[in-house]
Amino acid sequence: MHAPPSQKSFIDAQSRGADHIAPDCAGQNFYAVDRGLRDLLRLYLEPNDFRRLEPHFDRLGALAGGRLDELARAADKHPPVLNARDRFGRDEDWIDYHSSYREMEKIAFGDFQFHAMSHRAGTLGMDRPLPAVAKYALQYLFVQAEFGLMCPISVTDTSIHLIRKFASAELKDYLLPRMLSDDPATLWKGTQFMTERAGGSDVGAIETVARCEDGVWRLSGDKWFCSHADGDVALLLARPEGAPAGTRGLALFALPRLLKDGRRNAYRIVRLKDKLGTRSMASGEIRLEGAVAYLVGDAERGLKQMMEQVNLSRLSHGVRASAMMRRCVNEAMVCARSRMAFGKTIIEYPLLRRQLLKIAVPSEQSLSMFLFAASAMDRANAGSKEAADTLRILTPLLKFRACRDNIPVATGAMEVRGGNGYIEEWVHARLVRDAHIGVLWEGTSNINALDIVTRAVGKSRAHRALEAALTKLLDEAAAVPQVFRKRLRLALDRTLAFAERVAAEPALEEDARQAASSLYHITSAILMTWEAAQPGADARRVLYARFVLEHRLSPQDPLAPQAGEWEREAAEIVFGERQVGLPEIAGLLS
Ligand SMILES: Cc1cc2nc3c(=O)[nH]c(=O)nc-3n(C[C@H](O)[C@H](O)[C@H](O)COP(=O)(O)OP(=O)(O)OC[C@H]3O[C@@H](n4cnc5c(N)ncnc54)[C@H](O)[C@@H]3O)c2cc1C
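See below:
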């Protein structure tokens, strides 16, 4: 049916107006458009695993750019609501979620079974648990659409890990079948309540008390930050009566939401937090009123056991930051290639391209870092001590730096879109809001930087395992001009010496973040160089490595021009459509 002339001209004018507005990523397949991810999964996964899992990466990539993205947008607009009592006045607190959140849960826990994929066979058609590389790649794709729900997904996964590793046979028999279920309707999801008013970073200040009566542990206290507040099984730390003060006296407990007879356990969600970001997911405050809990593992090693969950969460947080940065790159590129200003698409302007590099390079760094960390986890799980040591330092490095980078990257991508980026209809506002939590939960930037320098370097000497791994990769990158590899080697030696010095001299504690950042940058630069040198890989990764070397690991004069001729050529290649090989790039590496 034709529209009447007057209405038609109105419609024409409207669609002409819409032409001026740059599109977003709606409808993209986030796997198909991600050259870096596709290439690197071939490098970091066994060929058989890659072949079997690629259809799932592709399917999730399409969902993330499509239905999942629509659902995430709706869930952000309709945050969860706490009901304190039922209509009879009973303290049956429960949380209502929007239907969009429930549909996302079905995709995550039912279809992909993120929570179980590391723990049992049978997810995504695999006859064994998925390798860590595949799990984190799937998290990366999911979070490009939805960030908030990844908290309950990941914390269920990591709670299962703790129960499997430390719980008694009886507790495992009780909890694991419920927590590993593939039916979202009956599944028991996990969560972690650690932080109290007295201490987030200072865990030893925890005041929650555990009392054992007739063989049953009962907990009393107040947990101040409880994400996924209505999780079915919470892992938490409490101090058994008479245990010493500080972290030594903390024991690990599993707190079920429902008792064995089906009644509600004796704790209450007092209120939900009104948060800057992660709005789709419920974070609350919990009051424990003599709640029944099960001791997990050794009562004197509570924090040590809990740190396994914290470290797994830290790795996942790095992956989530990487995912959000990738979404920023995707959005910024779509916009930059179509938005017109002063008669040209904005990507044609050198100054804008420089801004795009500041979005793209940290994103690519984090991709290499998390895949390398995940492959170290796979090797560590297979028994490699070197890989376990490498993972020890990679985990806080990724958490610290990727989460920090996510903030300027999100703001930068918003700026590329201009004023529309500030409007809540577009994804950027959510990306900016969500980016900030990464530097807070599971250890702030300072806490992670101190963990890297004081413990991973100073105590565990894990940087030496990292050095050995990076040396091997540099040797294997023989296709890259030697002059560039030598510069990387020199930067690696200087970084390691710097980190050791900061670890050894308490007066240098203020340099912990600088040392941690340098370790992250040199590691990612060497990884990207090695990756670029592999047959069939995207050679442009070595250009990202040079940007890191020049801008993060070399002296800068703020009063001299920063962008050399090589940078202009490199930007042309990075943002060009042309496939390039290492020989064409070699001239830009000296
Ligand atoms: C939305 C949200 C959800 C959360 N969900 C959970 C959850 O599910 N479970 C849970 O257990 N916790 C959760 N948390 C809590 C979070 O992990 C803590 O907020 C975080 O660990 C910081 O603790 P804090 O708030 O007590 O800050 P503090 O520890 O008081 O830190 C304040 C500042 O002091 C700095 N600082 C502290 N110690 C040192 C030091 N030694 N050297 C230098 N600087 C230092 C910190 O870096 C920070 O900048 C959540 C927080 C938020 C915001």
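The end of the sequence shown is residue 592 by the working numbering, with every number in the run present.
Don't be surprised by glycine CBs; every beta carbon is placed ideally from N, CA and C.
Fill in: Cutoff 8 Å; reference A514; Cβ partners in own chain excluding five residues on either side
Same-chain partners within the cutoff: N448, A451, L452, I454, V455, T456 and V504.
Practice prompt. Can you tell me which of S370, R394 and R341 puts its alpha carbon nearest to the alpha carbon of G421?
Written response: Considering only alpha carbons, the answer is R341.
Discussion item. For I587 and P398, what's the separation of their Cα atoms in angstroms?
Written reply: Answer to the nearest angstrom: the Cα atoms are 33 Å apart.
Discussion item. Three Cβ pairs or more, each shorter than 8 Å: is that satisfied between the segment 156-172 and the segment 83-90?
Written reply: Verdict: no, contact absent.
Worksheet item: Out of curiosity, what's the CA-to-CA distance linking L151 and G206?
Response: Whole-angstrom Cα-Cα distance: 29 Å.
Worksheet item: Which stretch, first to last residue, makes up the beta strand (DSSP E) that contains F255?
Response: Here the beta strand (DSSP E) through F255 covers A253 to P258.
Discussion item. Looking only at its chain, what residues have a beta carbon closer than 6 Å to the beta carbon of M3, apart from the 5 residues adjacent to it on each side?
Written reply: Residue placement at M3 is poorly supported in this model, since its pLDDT is 40, which falls under 50; the coordinates are not used for a value here.
Worksheet item: Are the beta-carbon atoms belonging to Y103 and S282 less than 8 Å from one another?
Response: One thing to note: Y103 has its Cβ within 8 Å of the Cβ of S282.
Discussion item. Quick check on this structure: which residue in R241, E243, A240 and D234 has the alpha carbon closest to the alpha carbon of R266?
Written reply: Cα-wise, what sits closest to R266 is D234.
Worksheet item: Below 8 Å between beta carbons: does that hold for S526 and L555?
Response: Going by C-beta atoms, S526 is not nearer than 8 Å to L555.
Item to complete: Compare the C-alpha of A390 against each of T125, P585 and A467 and name the closest.
Response: The option with the nearest alpha carbon to A390 is A467.
Practice prompt. With DSSP as the reference, label M119 as helix, strand or coil.
Written response: Coil.
Worksheet entry | ligand 1 heavy atom lying under 7 Å from the CB of F255 | Every heavy atom of ligand 1 is 7 Å or more from the Cβ of F255, so no.
Worksheet item: Between A506 and the rest of its own chain, which residues show a CB-CB distance below 8 Å, the 5 nearest in sequence each way excluded?
Response: Same-chain partners within the cutoff: G460.
Fill in: Integer Cβ distance of L239 from M308, believed to fall under 8 Å
Between the beta-carbon of L239 and that of M308 there is about 6 Å, and that keeps the pair under the 8 Å contact cut.
Worksheet item: Can you tell which of M128, H163, A64 and A338 has the C-alpha that lies nearest to the C-alpha of P25?
Response: With distances taken between CA atoms, P25 lies nearest to A338 out of M128, H163, A64 and A338.
Worksheet item: Can you give the Cα-Cα distance for G566 and L55, rounded to whole angstroms?
Response: When rounded, the distance between both Cα atoms is 42 Å.
Fill in: alpha helix (DSSP H) runs wholly inside the segment 446-527, at least 4 long, in chain order
Every unbroken stretch of the alpha helix (DSSP H) spanning 4 or more residues and falling wholly within the segment 446-527 is given here in chain order: 447-452, 464-478 and 484-506.
Worksheet item: At a cut of 8 Å, does the segment 90-98 reach the segment 122-140 through at least three beta carbon pairs?
Response: With a cut-off of 8 Å, the segment 122-140 and the segment 90-98 do not count as touching, because too few Cβ pairs lie within range.
Discussion item. Under DSSP, the alpha helix (DSSP H) around I208 begins and ends at which residues?
Written reply: Segment: none, I208 is in no alpha helix (DSSP H) and carries neither H nor E.
Worksheet item: Are the Cβ atoms of A231 and A293 separated by less than 8 Å?
Response: Cβ atoms of A231 and A293: not closer than 8 Å.
Discussion item. Output needed for A278: all residues of its chain with C-beta closer than 7 Å, excluding positions within five of it in sequence on either side, in chain order.
Written reply: The question names Ala, but residue 278 is Leu in the sequence shown. Cβ within range, chain order: R435 and H438.
Worksheet item: R281 bridges to which residues according to DSSP?
Response: Looking at the DSSP assignment, R281 forms no beta bridge with any residue, so it has no partner.
Discussion item. For D224 and G202, I'd like the C-alpha separation in whole angstroms.
Written reply: Distance between the alpha carbons of D224 and G202: 13 Å.
Practice prompt. Pick out whichever of P49, S229, G244 and R241 has its Cα sitting closest to the Cα of L442.
Written response: Considering only alpha carbons, the answer is S229.
Item to complete: Use the C-beta contact count for P364: other C-beta atoms within 10 angstroms, 16 or more gives buried, fewer gives exposed.
Response: Counting every other CB atom within 10 Å of its CB across the protein chains shown gives P364 a total of 16 or more, marking it as buried.
Worksheet entry | Cβ neighbours of G248 in the same chain (closer than 6 Å, five flanking residues each side left out) | Result list for G248: G206, in chain order.
Practice prompt. Please name the residue, chosen from P483, A404, A501 and F255, that lies closest to W532 on a Cα-to-Cα basis.
Written response: Among P483, A404, A501 and F255, the Cα nearest to that of W532 belongs to P483.
Discussion item. Can you tell me whether Y46 is buried or exposed? The criterion is at least 16 other CB atoms within 10 Å of its CB, across all chains shown.
Written reply: Around the Cβ of Y46, a 10 Å sphere holds 16 or more other Cβ atoms; the residue is buried.
Discussion item. Give me the DSSP bridge partner(s) of T193.
Written reply: According to DSSP, T193 bridges with A236.
Item to complete: Quick one: measure Cβ to Cβ for R432 and D71, integer angstroms, because I've assumed they're closer than 8 Å.
Response: Incorrect: roughly 11 Å between the Cβ atoms, too far for contact.
Worksheet entry | First and last residue of the uninterrupted beta strand (DSSP E) at Y351 | Taken as a continuous stretch (DSSP letters only), Y351 belongs to no beta strand (DSSP E), as it is neither H nor E.
Worksheet item: When every heavy atom of ligand 1 is checked, does at least one fall within less than 7 Å of the C-beta of I348?
Response: Checking every heavy atom of ligand 1 against the Cβ of I348, none is found closer than 7 Å.
Discussion item. Quick test of your reading: G299 and L252, contact by CB under 8 Å. State the CB separation rounded to the nearest angstrom.
Written reply: Under the criterion of beta carbons closer than 8 Å, G299 and L252 do not qualify as touching, at roughly 12 Å.
Practice prompt. Using only alpha-carbon positions, find the residue among L173, L591 and Y546 that is nearest to A594.
Written response: With the chain running from 3 to 592 in the structure shown, residue 594 is simply not present.
Item to complete: Return the chain-ordered list of same chain residues with a C-beta closer than 7 Å to the C-beta of H523, the five sequence neighbours on each side being excluded.
Response: Closer than 7 Å at Cβ, skipping near neighbours: V550, R554 and L555.
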